[in-house]
């Protein structure tokens, strides 16, 4: 428990993991929840913001622009794709109708805490990330 408390203090006060903290503002809660979900490369991309998103790829000079296909002035981040991008509005409306929590940046931690909401949300996330990876031509080879 002491190690977990120390980890939590570092996590909360750290300058990294900004995307992850939107889903898990507390490391102790994250520790409990992560054990309940199947973490694959798509879930990892969502929870970290590291993956086939124009914003991330542009940062490493793997893509010319960080822009989203919906609007050249809009940066394609994981949160834009999941919460705002009009390209995915239909899927988002369907998801919102099934969730018991609102789907907003400040409610993601509550969505992740609720087993049913979390399962629905992660299925939605995987669908969106796969589309982003394909659209940004990010191919991961399995050996």
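In my numbering, the protein residues as written are 757 to 899.
Backbone N, C-alpha and C define an ideal beta-carbon position, used for all residues, glycine too.
Name the one or two DSSP bridge partners that residue i has.
i: residue 824; result: 827
First and last residue of the alpha helix (DSSP H) that includes residue i?
i: residue 764; result: 758 to 769
i: residue 810; result: 810 to 815
i: residue 882; result: 871 to 891
i: residue 776; result: 774 to 779
At the level of alpha carbons, what is the spacing between residue i and residue j?
i: residue 884; j: residue 868; result: 17 Å
i: residue 784; j: residue 759; result: 10 Å
i: residue 844; j: residue 763; result: 36 Å
i: residue 872; j: residue 813; result: 32 Å
i: residue 838; j: residue 792; result: 22 Å
Who are the Cβ neighbours of residue i in its own chain at under 6 Å, not counting the five residues just before and after it?
i: residue 830; result: 824
i: residue 827; result: none
Would the beta-carbon of residue i be found less than 6 Å away from any heavy atom of the ligand ADP?
i: residue 848; result: Among the components of this structure there are no ligands whatsoever, and the ligand ADP is therefore not found.
Are three or more beta carbon pairs between the stretch 851 to 863 and the stretch 760 to 772 nearer than 8 Å? no
Using 8 Å as the cut-off, can you tell me whether the stretch 808 to 825 makes contact with the stretch 844 to 853, which would need three or more C-beta pairs spanning the two stretches below that distance? no
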